[in-house]
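Engineer:
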Amino acid sequence: MRCLYTVEQIRSGEAAAMAELPEGALMARAAAGLARRCASLLGRVYGAQVVLLVGSGNNGGDALYAGALLAGRGAAVTAVVAGSSPHSGGVAAFRAAGGTVRPSAEIAWQSTDLVVDGLVGIGGKGALREPYAALARGLREVGATVVAVDVPSGVDAGSGEVAGDAVRADVTVTFGGLKAGLLVSPGAEFAGLVELVDIDLPLAASPLTALDASDVAAMLPVPSGEASKYTRGVVGVVTGSRQYTGAAVLSTGGALRAGAGMVRFAGAHHAAEMVRARWPEVVVTDIGTDDDGSIADAAGVLAVGRVQAWVIGSGLGTGAGPASVLAGVLGTELPVLVDADAITIVADHHEWLSRRGGTLVTPHTGEFAKLMAADRADVEAHRLSWARKAADQLGVTVLLKGSTTVVADPDGRTAVNTTATAWLGTAGSGDVLSGVCGSLMAQGLSPFDAGRVGAFLHGMAGRFASEGADVDDPRRGAPVGAGDLLEVWADVERAVRAVPA
0 MRCLYTVEQI
10 RSGEAAAMAE
20 LPEGALMARA
30 AAGLARRCAS
40 LLGRVYGAQV
50 VLLVGSGNNG
60 GDALYAGALL
70 AGRGAAVTAV
80 VAGSSPHSGG
90 VAAFRAAGGT
100 VRPSAEIAWQ
110 STDLVVDGLV
120 GIGGKGALRE
130 PYAALARGLR
140 EVGATVVAVD
150 VPSGVDAGSG
160 EVAGDAVRAD
170 VTVTFGGLKA
180 GLLVSPGAEF
190 AGLVELVDID
200 LPLAASPLTA
210 LDASDVAAML
220 PVPSGEASKY
230 TRGVVGVVTG
240 SRQYTGAAVL
250 STGGALRAGA
260 GMVRFAGAHH
270 AAEMVRARWP
280 EVVVTDIGTD
290 DDGSIADAAG
300 VLAVGRVQAW
310 VIGSGLGTGA
320 GPASVLAGVL
330 GTELPVLVDA
340 DAITIVADHH
350 EWLSRRGGTL
360 VTPHTGEFAK
370 LMAADRADVE
380 AHRLSWARKA
390 ADQLGVTVLL
400 KGSTTVVADP
410 DGRTAVNTTA
420 TAWLGTAGSG
430 DVLSGVCGSL
440 MAQGLSPFDA
450 GRVGAFLHGM
460 AGRFASEGAD
470 VDDPRRGAPV
480 GAGDLLEVWA
490 DVERAVRAVP
500 A
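Per numbering that gives the first Met the number 0, the very first residue in the sequence shown carries number 0; after that it's consecutive.
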């Protein structure tokens, strides 16, 4: 499991390390790691054209010392000094190695093979100022590979927020510990491939994490020799309507594929018939509906039989009937996953959530904005802080779907999913995810664990289904339909379970 750190945590670790090390040792470690990565990207260092963008902080010092190492191997390295007070030791070492120093007004990009962004470090806040902003804009037209030092300039290292112009890196070489802003959108979209250089910082565990396949393998439920359909978990799925039958089929399929011993579906007639035809192993109950084809019989839903967790909301409708059913389900003591239309309903009934535990809410950005009466653009720009705020205020686990899925628990733990691909942005994808997470809850995982494990597997399914999709390069792969995720699910779980825990 990877811990993600705030700026304050990294600064504390740096201070502790520097108190025990000779002066400059920490920067030397960082510069050496940065130079190695730059050299590997260049392939042939001798004769390569490298440009350093140097600010006034330690990131500029890291870039200068790394540039000195590259110059020592025969690269032609130019440092474009944009800051008013560049690192003096770094400048001296760079000049001594044969590097050339120029002001930002004299920058020339012709024949440049590699650009190293050392303008602003992890302490940077808010929009870039000039001339930094102009340099970030100018990089958009440069064909060279761009390497960011610790964090792309203009990206908030702790949150991923981007207030204006920012450097869009191909690779970010970060030091000591992963910064949260490198993996959370929109910052993640500027960071490119993130590579961690270990400089031996004494860092404690963080409540913000990202799962690896080995973590998921250890958390996935495994049936025992005495397992039955009841001991493996029974999940109740209340989704779909006369109009949205696909939501019922996809969410039920997700629940099945994720390993529940039994799936009970309760829904409108047309949806029930579609589920029965597609998934004969599901126990289907046809529920009475309103005139609009949405279910209205709360008592009928609750009488479907024994379940250990509920999934409710996808394609359900938002009228009085679905609201009464939702209120009934949330009135039980069982774990409940609330998705889609059910989120729209509870936006006006926060009290239905706050008076119970064991709840996982899975909104996309638009649904989240309704739930929290927030501006959608602001949610997109501050995903991490908004997810945490909602979990704390509502007393539920929040899985905020999007370019970066964030799972936040009321106890302060937060997880960032790193497996998603842009090809998952397709109708019905979220319905599959809701069924998967509800199934995991029925099998005993907490809402937080079900959310982060489900999101990890869902992202992997998107990559498997799109035949080579890369989370760092959405140009790879092929379009995906939500049903494709179900077809590859067994392959995904086999691959993950094969990873040593």
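Using N, Cα and C, we set each Cβ at its ideal position, and we do this for glycine too.
(1) Taking three-plus beta-carbon pairs below 8 Å as touching, is the segment 209-229 in contact with the segment 290-299?
(2) Tell me the DSSP secondary structure of residue 546 in three-state form.
(3) Do residue 163 and residue 184 have their C-beta atoms within less than 8 Å of each other?
(4) Tell me whether the segment 247-255 and the segment 427-434 touch, counting them as touching only if at least three CB pairs, one residue from each stretch, are closer than 8 Å.
(5) Is the distance from the Cβ of residue 83 to the Cβ of residue 39 below 8 Å?
(6) Go through its chain and collect everything with a Cβ distance to residue 132's Cβ below 6 Å, but skip five positions before and after it.
(7) If you follow the alpha helix (DSSP H) that residue 364 is part of, which residue opens it and which one closes it?
(8) Taking residue 48 as part of the alpha helix (DSSP H), name the residues at either end of that continuous run.
(9) With 16 as the cutoff for other CB atoms within 10 Å, does residue 8 come out buried or exposed?
(10) Put residue 261 into one of helix, strand or coil per three-state DSSP.
(11) Counting pairs of beta carbons, one from the segment 400-416 and one from the segment 300-307, are three or more of them closer than 8 Å?
(12) For the alpha helix (DSSP H) containing residue 286, name the first residue and the last one.
(13) Whole-angstrom Cβ separation of residue 143 and residue 112, contact assumed at under 8 Å?
(14) Which residue's Cα is closest to the Cα of residue 188: 236, 21, 453 and 420?
(15) Taking only runs of the alpha helix (DSSP H) that begin and end inside the segment 189-252, which ones reach a length of at least 4 residues, in chain order?
(16) Enumerate in chain order the residues of its own chain whose CB-to-CB distance from residue 202 is below 6 Å, with the five nearest sequence positions on each side excluded.
(17) Mind listing, in chain order, the continuous alpha helix (DSSP H) runs of no fewer than 4 residues lying wholly within the segment 411-453?
(18) Among 452, 481, 475 and 466, which residue has its Cα nearest to the Cα of residue 212?
(19) Using the C-alpha atoms, what's the distance from residue 382 back to residue 93?
(20) Going by DSSP, name the residue or residues bridged to residue 308.
(21) Does DSSP put residue 294 in a helix, a strand or coil?
(22) Give the range of the beta strand (DSSP E) segment to which residue 4 is assigned.
(23) If I measure Cβ to Cβ from residue 161 and keep anything under 8 Å in the same chain, skipping five residues before and after, which residues do I get?
(24) Per DSSP, residue 102 is paired with what?
(25) Among 232, 464 and 204, whose alpha-carbon lies nearest the alpha-carbon of residue 490?
Structural biologist: Here's the rundown:
(1) Cβ pair count under 8 Å is below three, so no.
(2) Since the first residue shown for the chain is 0 and the last is 500, residue 546 is missing from the structure and cannot be characterised.
(3) Within the sequence shown, residue 163 is the residue found at index 164, counting from 1. Within the sequence shown, residue 184 is the residue found at index 185, counting from 1. No. Outside cutoff.
(4) Yes, since at least three Cβ pairs between the segment 247-255 and the segment 427-434 fall closer than 8 Å, the two stretches touch.
(5) Taking the first residue of the sequence shown as position 1, residue 83 is located at position 84. Taking the first residue of the sequence shown as position 1, residue 39 is located at position 40. Not closer than 8 Å, so no.
(6) Position 133 of the sequence shown, counting from 1, holds the residue named residue 132. If you ignore the 5 residues before and after residue 132, its C-beta comes within less than 6 Å of the C-beta of 164, all in its own chain and listed in chain order.
(7) Translated into positions along the sequence shown, residue 364 becomes position 365. Start and end: 364-371.
(8) For the purposes of this step, residue 48 is identified with residue 49 of the sequence shown, where counting begins at 1. According to the DSSP assignment, residue 48 belongs to no alpha helix (DSSP H) but to the beta strand (DSSP E) extending over 48-53.
(9) Here residue 8 is taken as the residue at index 9 of the sequence shown, counted from 1. Residue 8 comes out buried.
(10) Walking along the sequence shown from the start, residue 261 turns up at place 262. Residue state, collapsed to three classes: strand.
(11) They do not touch, by the three-pair rule.
(12) Residue numbering aside, residue 286 sits at position 287 when the sequence shown is read from its first letter. Following the DSSP letters along the chain, one finds residue 286 in no alpha helix (DSSP H), marked with neither H nor E.
(13) Residue mapping note: residue 143 aligns to position 144 of the sequence shown, counting from 1. Residue mapping note: residue 112 aligns to position 113 of the sequence shown, counting from 1. Confirmed, about 6 Å.
(14) As a first step, residue 188 must be located in the sequence shown, where it is residue number 189. Measuring C-alpha to C-alpha distances from residue 188 to each of 236, 21, 453 and 420 identifies 420 as the nearest.
(15) List check, alpha helix (DSSP H) in window: 212-218.
(16) Your numbering for residue 202 matches position 203 in the sequence shown. So the qualifying residues of the chain are 12 and 176.
(17) Within the segment 411-453, complete alpha helix (DSSP H) segments of at least 4 residues are found at 428-441, given in chain order.
(18) For the purposes of this step, residue 212 is taken as residue 213 along the sequence shown, with counting starting at 1. That would be 452, whose Cα lies nearest to the Cα of residue 212.
(19) The count along the sequence shown starts at 1 and reaches residue 93 at position 94. The count along the sequence shown starts at 1 and reaches residue 382 at position 383. Residue 382 has its alpha-carbon roughly 40 Å from the corresponding atom of residue 93.
(20) Residue numbering aside, residue 308 sits at position 309 when the sequence shown is read from its first letter. DSSP, once it has assigned bridges, lists 234 as partnering residue 308.
(21) Along the sequence shown, one-based indexing puts residue 294 at 295. Three-state DSSP puts residue 294 in a strand.
(22) Walking along the sequence shown from the start, residue 4 turns up at place 5. Start and end: 1-4.
(23) Counted from its first residue, the sequence shown places residue 161 at position 162. For residue 161, the CB contacts under 8 Å within the same chain, skipping 5 residues up- and downstream, are 153, 154, 155, 185, 186, 189 and 380 in chain order.
(24) Here residue 102 corresponds to residue number 103 of the sequence shown, with the count starting at 1. Beta-bridge partners assigned by DSSP to residue 102: 80.
(25) Reading the sequence shown from its first residue, position 491 is the one you call residue 490. Of 232, 464 and 204, the smallest CA-CA separation from residue 490 is found for 464.
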